[in-house]
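Every letter in the sequence shown is one number past the one before it in my numbering, and letter 142, counting from 1, is 161.
Note that beta-carbon positions come from the ideal geometry of N, C-alpha and C, so glycine has one too.
Heads up: the structure comes next, in structure tokens.
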Amino acid sequence: MIWTDRIRQVKICLVIAAIVIAVASLVISHILIKDLSNEENSKMVTWAEALHTLNNASENTDLSLVLNVIKSNNTIPVVVLSSKGAICDYRNLTIDANNANDSIRIIKKLADDYYKAGKFIKINLEGTSDYQLVCFTESTMLKRLATYPYVQLGVVFIFVIVAIFALLSSKQAEQNKVWVGLSKETAHQLGTPISSMLAWTEILKDSYPEDNMINEMCKDVKRLEIIAERFSKIGSIPELKNTSIVEVIKHVVDYMDKRTSSKVNITYHSSEKEIIARINPALFEWVIENLCKNAVDAMEGNGKIDINTFYEKEKIVIEVKDSGKGIKRKNIKNVFTPGFTTKKRGWGLGLSLAKRIITNYHKGKIFIKETEIGKGTTFRIEFGK
Numbered sequence: 020m021i022w023t024d025r026i027r028q029v030k031i032c033l034v035i036a037a038i039v040i041a042v043a044s045l046v047i048s049h050i051l052i053k054d055l056s057n058e059e060n061s062k063m064v065t066w067a068e069a070l071h072t073l074n075n076a077s078e079n080t081d082l083s084l085v086l087n088v089i090k091s092n093n094t095i096p097v098v099v100l101s102s103k104g105a106i107c108d109y110r111n112l113t114i115d116a117n118n119a120n121d122s123i124r125i126i127k128k129l130a131d132d133y134y135k136a137g138k139f140i141k142i143n144l145e146g147t148s149d150y151q152l153v154c155f156t157e158s159t160m161l162k163r164l165a166t167y168p169y170v171q172l173g174v175v176f177i178f179v180i181v182a183i184f185a186l187l188s189s190k191q192a193e194q195n196k197v198w199v200g201l202s203k204e205t206a207h208q209l210g211t212p213i214s215s216m217l218a219w220t221e222i223l224k225d226s227y228p229e230d231n232m233i234n235e236m237c238k239d240v241k242r243l244e245i246i247a248e249r250f251s252k253i254g255s256i257p258e259l260k261n262t263s264i265v266e267v268i269k270h271v272v273d274y275m276d277k278r279t280s281s282k283v284n285i286t287y288h289s290s291e292k293e294i295i296a297r298i299n300p301a302l303f304e305w306v307i308e309n310l311c312k313n314a315v316d317a318m319e320g321n322g323k324i325d326i327n328t329f330y331e332k333e334k335i336v337i338e339v340k341d342s343g344k345g346i347k348r349k350n351i352k353n354v355f356t357p358g359f360t361t362k363k364r365g366w367g368l369g370l371s372l373a374k375r376i377i378t379n380y381h382k383g384k385i386f387i388k389e390t391e392i393g394k395g396t397t398f399r400i401e402f403g404k
């Protein structure tokens, strides 16, 4: 739980940092773009005034400064129209046209767009009621700067996503090493006492052949041997073979039925008499057993467990349904996380190991099909034939 909380906190911090960077970038870029836009508008006012001076110049007017101002505009697209809509002049436009008529039509369309956007300056011609319209738009550089913040935000979000993915991958790799090491060490530590207990039970069977208690003891020791075998397989590639899933689940039901409260009713139904699949019997049995044990804990020793197996299209499906207390919505995504548990006692490893066995070793899926508080939960397993 502590590790899970730390990962969640880091993810939240990364998301908050990304949002802060995004907002700061947008605000700063907006201010800069607004300043540059105002500067370009001021330049166009000066350019329009220079054009007005040129249009009303006399023979004695010094036009050197005016011409320099007009020629200095090398970035801002501009179209000068007469009062009747005729094109008087244009600058800094890239026009892709096949002939002169197309060029005129395109330029007029651009001027109309600039005018509708409110980017125009009206120049009155002295001595007449006529006028000219200087229609313009933002320079290419300003448009690029306007789109830059969104490109920057895209890069930031990609970085955050990659960072979170790397963090989760690192966490998962570390957890895998821990659980594999723990499993193999557990199997190793159990090996010696189990071997000793097997020897002692054989001696007891020879000494007291009619004692039924010894037979039950042998079954439990055998059970410990199976558990050690399961743990030893974690982290290695298990052997898969064609096995009857029906027989495996029946064996689990029989084992659980004898070792749980009489108030827990476990039933099993199969749509077919035999459902054969390539599985590792020991590990697959462990999965079903873990689901049943979790169901018993959820029901607090009183309720019903229904197990169903059937074919669905090209998949084999197993559903384990209990009448327990259900799972809270906020916990659904964490139930298969190693170390996560809502029980006062428990390591939170059962469901995580079950998922590893189904997904990694049997190339299937295990998930919560449905759950409702106070009514129970249904776990569903799917894998190929």
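How is the beta strand (DSSP E) around Val339 delimited, first residue to last? In the sequence shown, counting from the first residue as 1, residue 339 sits at position 320. 334 to 341 is the span of the beta strand (DSSP E), which, as asked, contains Val339.
Please go through the same chain and pick out, in chain order, the residues whose beta-carbon is closer than 8 Å to the beta-carbon of Met216, but skip the five residues on each side of it. Taking the sequence shown and counting its residues from 1, the one referred to as residue 216 is at position 197. Val240, Leu243.
Between the alpha carbons of Ile400 and Ile337, how many angstroms are there, rounded? Locating residue 400 in the sequence shown gives position 381, counting from the first residue. Locating residue 337 in the sequence shown gives position 318, counting from the first residue. Put simply, the backbone Cα of Ile400 is about 5 Å away from that of Ile337.
Tell me Glu453's beta-bridge partners as DSSP assigns them. The displayed coordinates of the chain run from 20 to 404. Any statement about residue 453 would go beyond what the structure contains.
Quick check: the segment 271 to 290 against the segment 316 to 329, are at least 3 beta-carbon pairs closer than 8 Å? Counting Cβ pairs under 8 Å, three or more are found: they touch.
Apply the 10 Å Cβ neighbour rule to Phe402 and answer buried if 16 or more other Cβ atoms are within range, or exposed otherwise. Against the sequence shown, residue 402 aligns to sequence position 383. Phe402 is classed as buried because its beta carbon has at least 16 other beta carbons within 10 Å across all chains shown.
Closer than 8 Å by C-beta to Val99: which residues in its own chain qualify, once you throw out the five before and the five after it? Chain order, please. Residue numbering aside, residue 99 sits at position 80 when the sequence shown is read from its first letter. Excluding sequence neighbours, Val99 sits near Leu70, Ile106, Cys107, Asp108, Tyr109, Gln151, Leu152, Val153, Cys154.
Return the Cβ separation of Ala41 and Val175 in integer angstroms, given the expectation that the two are a contact with Cβ distance under 8 Å. Numbered from its first residue, the sequence shown carries residue 41 at position 22. Numbered from its first residue, the sequence shown carries residue 175 at position 156. At roughly 6 Å, the Cβ-Cβ gap stays under 8 Å, so Ala41 and Val175 are in contact.
Counting beta carbon pairs with one atom in the segment 262 to 275 and one in the segment 285 to 305, are three or more of them shorter than 8 Å? The segment 285 to 305 vs the segment 262 to 275: in contact.
Would DSSP call Ser289 helix, strand or coil? The count along the sequence shown starts at 1 and reaches residue 289 at position 270. Note: Ser289 maps to strand in three-state DSSP.
Rounded to a whole number of angstroms, what is the C-alpha to C-alpha distance between Lys141 and Ile52? In the sequence shown, residue 141 corresponds to position 122, counting from 1. In the sequence shown, residue 52 corresponds to position 33, counting from 1. Roughly 25 Å separates the two Cα atoms.
Close-in-space but distant-in-sequence residues of the same chain around Thr396 (CB under 8 Å, 5 per side omitted): Position 377 of the sequence shown, counted from the first residue, corresponds to residue 396. The answer, listed in chain order, is Ala314, Ala317, Lys340, Asp341, Gly343, Gly345, Ile346, Ile387, Glu389, Thr390.
Which class does Ser48 belong to by DSSP, given the choice of helix, strand or coil? As a working note, residue 48 is residue 29 in the sequence shown. In the structure shown, the three-state DSSP call for Ser48 is helix.
Expected contact under 8 Å - CB spacing of Leu172 and Leu55 to nearest Å: To locate residue 172, count along the sequence shown from 1; it is residue 153. To locate residue 55, count along the sequence shown from 1; it is residue 36. No, Leu172 and Leu55 are not in contact; Cβ-Cβ is about 20 Å, not under 8 Å.
Excluding five sequence neighbours on each side, which residues of the same chain lie with their C-beta closer than 7 Å to the C-beta of Ile183? As a position in the sequence shown, residue 183 is number 164, starting the count at 1. Cβ neighbours of Ile183 within its own chain (closer than 7 Å, five residues either side excluded): Lys30, Leu33.
If the criterion is Cβ atoms closer than 8 Å, does the pair Ile114 and Ser122 meet it? As a working mapping, residue 114 is identified with position 95 in the sequence shown. As a working mapping, residue 122 is identified with position 103 in the sequence shown. In this structure, Ser122 lies closer than 8 Å to Ile114 by Cβ.
Quick one: using the 10 Å Cβ neighbour count with 16 as the cut-off for buried, is Ile392 buried or exposed? As a first step, residue 392 is located in the sequence shown; it is residue number 373 there, counting from the start. When all chains shown are included, Ile392 counts as exposed.
Rounded to the nearest angstrom, what separates Ile376 and Ala218 at their Cα positions? Taking the sequence shown and counting its residues from 1, the one referred to as residue 376 is at position 357. Taking the sequence shown and counting its residues from 1, the one referred to as residue 218 is at position 199. Taking the straight line joining both Cα atoms gives about 32 Å.
Mind checking which residues open and close the alpha helix (DSSP H) that includes Glu331? Counting from 1 along the sequence shown, the entry for residue 331 is found at position 312. According to the DSSP assignment, Glu331 belongs to no alpha helix (DSSP H) but to the beta strand (DSSP E) extending over 322 to 331.
Would you tell me roughly how many angstroms separate the C-alpha atoms of Thr251 and Ile222, rounded to the nearest one? For the purposes of this step, residue 251 is taken as the residue at position 232 of the sequence shown. For the purposes of this step, residue 222 is taken as the residue at position 203 of the sequence shown. Looking at the sequence itself, residue 251 is Ser, so the reference to Thr does not match. Within the model, the alpha-carbon separation for Ser251 versus Ile222 is close to 27 Å.
Nearest to Lys260 by CA position, among Tyr380, Leu112, Asp132, Val85, is which residue? Locating residue 260 in the sequence shown gives position 241, where the first residue counts as 1. With distances taken between CA atoms, Lys260 lies nearest to Tyr380 out of Tyr380, Leu112, Asp132, Val85.
In whole angstroms, what is the alpha-carbon distance linking Ile38 and Tyr167? Along the sequence shown, read from residue 1 onward, the residue named residue 38 stands at position 19. Along the sequence shown, read from residue 1 onward, the residue named residue 167 stands at position 148. Computed Cα separation, rounded: 17 Å.
Endpoints, beta strand (DSSP E) assigned at Tyr109: Here residue 109 refers to the residue found at position 90 of the sequence shown. Segment 106 to 110, the beta strand (DSSP E) holding Tyr109.
Tell me where the beta strand (DSSP E) around Arg278 begins and ends. Walking along the sequence shown from the start, residue 278 turns up at place 259. No beta strand (DSSP E) holds Arg278; DSSP gives it neither H nor E.
Buried or exposed for Leu187, please, with buried defined as at least 16 other CB atoms from any protein chain shown within 10 angstroms of its CB. Walking along the sequence shown from the start, residue 187 turns up at place 168. It counts as exposed.
Could you please give the first and the last residue of the uninterrupted beta strand (DSSP E) stretch that includes Ile298? By one-based count along the sequence shown, residue 298 stands at place 279. From DSSP, the beta strand (DSSP E) with Ile298 extends over 295 to 298.
Would Leu84 and Leu73 qualify as a contact pair, given that the criterion is a beta-carbon distance under 8 Å? By 1-based counting over the sequence shown, the position of residue 84 is 65. By 1-based counting over the sequence shown, the position of residue 73 is 54. In this structure, Leu73 does not lie closer than 8 Å to Leu84 by Cβ.
Could you give the residue range of the alpha helix (DSSP H) that holds Leu368? The count along the sequence shown starts at 1 and reaches residue 368 at position 349. Where Leu368 is concerned, there is no enclosing alpha helix (DSSP H), because DSSP gives it neither an H nor an E.
Suppose the cutoff is 6 Å on Cβ atoms and the five residues either side in sequence are ignored; what does the same chain contact list for Ile21 look like? By 1-based counting over the sequence shown, the position of residue 21 is 2. Confidence is the limiting factor: at Ile21 the pLDDT is only 46, short of 50, which leaves the residue's position unreliable, though a coordinate-based value still follows. Excluding positions up to five away in sequence, the list is empty.
Do you know how far the Cα of Ser148 is from the Cα of Ser77? For the purposes of this step, residue 77 is taken as residue 58 along the sequence shown, with counting starting at 1. For the purposes of this step, residue 148 is taken as residue 129 along the sequence shown, with counting starting at 1. A direct Cα-to-Cα measurement between Ser77 and Ser148 gives close to 19 Å.
Helix, strand or coil at Thr65 [DSSP, three-state]: Residue numbering aside, residue 65 sits at position 46 when the sequence shown is read from its first letter. Under the three-state reduction of DSSP output, Thr65 falls in the helix class.
State yes or no: is the C-beta of Pro257 within less than 8 Å of the C-beta of Leu310? Taking the first residue of the sequence shown as 1, we reach residue 257 at position 238. Taking the first residue of the sequence shown as 1, we reach residue 310 at position 291. With a cutoff of 8 Å on beta-carbon distance, Pro257 and Leu310 are scored as not near each other.
Distance, Cα to Cα, Ser226 vs Pro212? Here residue 226 refers to the residue found at position 207 of the sequence shown. Here residue 212 refers to the residue found at position 193 of the sequence shown. Going by C-alpha positions, Ser226 is about 21 Å away from Pro212.
Where does Ile21 sit, in a helix, a strand or coil, going by DSSP? What you label residue 21 is simply residue 2 of the sequence shown in a count that begins at 1. Any reading at Ile21 must be qualified, since the residue scores a pLDDT of 46, below 50, and its modelled position is unreliable; the value itself is stated next. If DSSP states are grouped into helix, strand and coil, Ile21 belongs with the helices.
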